[in-house]
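Visitor:
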Amino acid sequence: MKIKMIVYSYTHNTLRLIQEWAEHLNQHAIEIASIHAYNENPNTKNIVLSEKPSIESVDHLVFATCVRGGTVAPIMSAYLKQIPNLKGQACTLVLTQYFPFEAWGGRQAMKQFKALIEAKSGIVKDTFILCRSRKSAAQKARILNHVPEA
């Protein structure tokens with residue numbers, strides 16, 4: 021199966037998680053692509069993307085980013101609003117956050133994340149929230165051992 025993992029990771033914590041997950045999925049064709057903006061300041065309101073990964077010709081898409089103020093990182097949100105229709109594409113969503121509990125920003129950000137994908141006619145198959153300050157091995161293992169399905 022061909023899987024494309026599209027990541028926005030300002031601090032590289034989310035990117036490291038996705039790279040580790042890709043290593044666990046070594047029996048699949050994995051491509052990791054990063055989203056970037058000309059101004060990567062997380063507080064910027066004027067987002068102009070400098071790198072916009074293509075979503076073409078894959079069996080499964082993984083979108084991964086961090087929680088920013090209880091919402092999806094603005095650069096990921098801007099990217100998702102610009103991509104073409106997903107036409108029923110299977111997707112997995114991954115959020116990372118510093119706070120120790122999903123209820124402290126993660127759940128509302130995931131609701132927004134799902135709405136962005138569904139607005140583009142994507143099918144959300146799985147969602148994951150990693151709370152980095154808890155250092156939960158079980159939470160991380162749930163992600164690393166997951167195999168996306170088409």
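Numbering (the working numbering), first residue to last: 21 to 170.
Beta carbons: idealized from backbone N, C-alpha and C, even for Gly.
All values derive from a computational prediction rather than experimental measurement.
Which whole-angstrom value describes the C-beta separation of Ile55 and Leu37, a residue pair presumed to lie in contact below a C-beta threshold of 8 Å?
Guide: Numbered from 1 along the sequence shown, position 35 holds the residue referred to as residue 55. Numbered from 1 along the sequence shown, position 17 holds the residue referred to as residue 37. Not really, about 15 Å apart at Cβ, beyond 8 Å.
Visitor: Does the separation of the CB atoms of Val78 and Ile163 fall below 8 Å?
Guide: Position 58 of the sequence shown, counting from 1, holds the residue named residue 78. Position 143 of the sequence shown, counting from 1, holds the residue named residue 163. Contact: no.
Visitor: Within the same chain, show all residues whose beta-carbon is closer than 6 Å to that of Glu51, passing over the 5 residues directly before and after it, in chain order.
Guide: Working through the sequence shown from its first residue, we reach residue 51 at position 31. Once the five neighbours on either side are set aside, the close Cβ partners of Glu51 are Lys24.
Visitor: Measure the C-alpha to C-alpha separation of Gln109 and Phe83 and round it to an integer number of angstroms.
Guide: In the sequence shown, counting from the first residue as 1, residue 109 sits at position 89. In the sequence shown, counting from the first residue as 1, residue 83 sits at position 63. Roughly 12 Å between the two C-alpha positions.
Visitor: What is the rounded straight-line gap between the Cα of Pro104 and the Cα of Glu169?
Guide: Translated into positions along the sequence shown, residue 104 becomes position 84. Translated into positions along the sequence shown, residue 169 becomes position 149. Approximately 21 Å, taken between the alpha carbons.
Visitor: Are Ile137 and Leu106 touching if we call contact CB-CB under 8 Å?
Guide: Against the sequence shown, residue 137 aligns to sequence position 117. Against the sequence shown, residue 106 aligns to sequence position 86. Contact: yes.
Visitor: By the DSSP assignment, the alpha helix (DSSP H) with Leu100 in it spans what residues?
Guide: Here residue 100 refers to the residue found at position 80 when the sequence shown is read from its first residue. From DSSP, the alpha helix (DSSP H) with Leu100 extends over 94 to 102.
Visitor: Starting from Ala49, follow its DSSP beta bridges and name the residues at the other end.
Guide: On the sequence shown, position 29 is the one that residue 49 refers to. DSSP, once it has assigned bridges, lists Lys22 as partnering Ala49.
Visitor: Nearest-angstrom Cα distance between Glu71 and Lys101?
Guide: The residue labelled residue 71 in the question sits at position 51 within the sequence shown. The residue labelled residue 101 in the question sits at position 81 within the sequence shown. Spanning the two alpha carbons is a distance of roughly 14 Å.
Visitor: Thinking just about the alpha-carbon of each residue, which of Tyr28, His32, His48 is nearest to the one in Ala57?
Guide: The residue labelled residue 57 in the question sits at position 37 within the sequence shown. Among Tyr28, His32, His48, the Cα nearest to that of Ala57 is on Tyr28.
Visitor: Give the range of the alpha helix (DSSP H) segment to which His32 is assigned.
Guide: As a first step, residue 32 must be located in the sequence shown, where it is residue number 12. Element bounds for His32: n/a, residue is neither H nor E.
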